[in-house]
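Under UniProt numbering, the first residue of the sequence shown carries the number 1, and numbering increases by one thereafter.
One structure below.
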Amino acid sequence: MIELRPTAFDHPDSLRLTAEVQQVYRERYGSEDATVVDPSEFDAPDGFFLVGYVDGEPVACGGWRARHAAESSALRNGDAEVKRMYVAAAHRGRGYGRAVLAELERAAAAAGRRRMVLETGTMQPEAIALYSSAGYEPMPPFGIYAASPTSRYFAKPLGAVADRPAGARSPEVVSERQI
1 MIELRPTAFD HPDSLRLTAE VQQVYRERYG SEDATVVDPS EFDAPDGFFL VGYVDGEPVA
61 CGGWRARHAA ESSALRNGDA EVKRMYVAAA HRGRGYGRAV LAELERAAAA AGRRRMVLET
121 GTMQPEAIAL YSSAGYEPMP PFGIYAASPT SRYFAKPLGA VADRPAGARS PEVVSERQI
C-alpha cells in the first residue's frame, strides 16, 4: 500500500527522489532535465507536490505547476504541468506511478485547473505507456525541449477527473486526508 502525502518540493524526501529522477535522466539522455523549476511553483494554489511512502519509506513523487497561454501557443490558461513524476526502481510495477498521477489530476482539478500537460521523452517508454493508458493524448510542444526530436508532449482534460467522486481511487492508495 502506498500512502500519498502532500509534501513541499524542497522537503528532504522530495529532494532525494527528485535527485534520483535526475540520475535516471543522466543515464538515459546524458544530462539532467534542464527545465528551470522553482520550488515555490509547487505551492498552493498554483501548484502541488506529493511524496508516496511505503512502510514509511519515500518511494514515489510527482507534482504539477500552473501554466498559462502567454507562455506558449501550445498552452492554455488553466493548464497544470506534470513535473518530476518518479517511482524508485525497486517499487516499479505496482501501480504507484498511476496512483501518483491520479492524485495529481484530482488535486489539479480541485484547484480549478482544466487540463494536465506534460513533456516526456522517447527514452522513457514506460512513462509514455502510463500517460497513454491514463487518457493522455499528444499535443503540440512547449518549453525548452520543444525542438527536441526525443521529446513527446501529452495533454488530458480534467473535466472527467473533477466529476469523479473523491473516494474513487485505487484501493491500494491511502492519502493523508483519509488517515
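Beta carbons: idealized from backbone N, C-alpha and C, even for Gly.
Predicted model, so just to flag it, every value in this text is computed and none were measured.
Proximity winner among Ala109, Glu57, Leu15 and Met116, relative to Asp79 (alpha-carbon distances): The sequence position of residue 79 within the sequence shown is 79, counting from 1. Checking every option, the nearest Cα to that of Asp79 belongs to Met116.
Pro157 versus Ala8 - alpha carbon distance: Counting from 1 along the sequence shown, the entry for residue 157 is found at position 157. Counting from 1 along the sequence shown, the entry for residue 8 is found at position 8. Roughly 26 Å separates the two Cα atoms.
Same chain only: Cβ atoms within 7 Å of Ser132, ignoring 5 sequence neighbours per side: If you number the sequence shown from 1, residue 132 lands on position 132. None.
Beta-carbon contacts of Asn77 that lie in its chain and below 7 Å, excluding the five residues immediately before and after: Indexing the sequence shown from 1 puts residue 77 at position 77. His68 and Ala69.
Opposing strand residues paired with Phe48 [DSSP bridges]: Within the sequence shown, numbered from 1, the residue matching residue 48 stands at position 48. BP columns for Phe48 point to Trp64.
Span of the alpha helix (DSSP H) around Val37: Counting from one through the sequence shown, the residue named residue 37 turns up at place 37. Taken as a continuous stretch (DSSP letters only), Val37 belongs to no alpha helix (DSSP H), as it is neither H nor E.
Assigned exposure category for Thr18 - 16 Cβ within 10 Å defines buried: On the sequence shown, residue 18 is found 18 positions in, with the first residue counted as 1. Answer is buried; the Cβ neighbour count reaches 16.
Nearest-angstrom beta carbon gap, Gly63 and Arg49 [assumed within contact, 8 Å]: Residue numbering aside, residue 49 sits at position 49 when the sequence shown is read from its first letter. Residue numbering aside, residue 63 sits at position 63 when the sequence shown is read from its first letter. The amino acid at residue 49 is misidentified as Arg; the sequence shows Phe. Right, their Cβ atoms sit about 4 Å apart.
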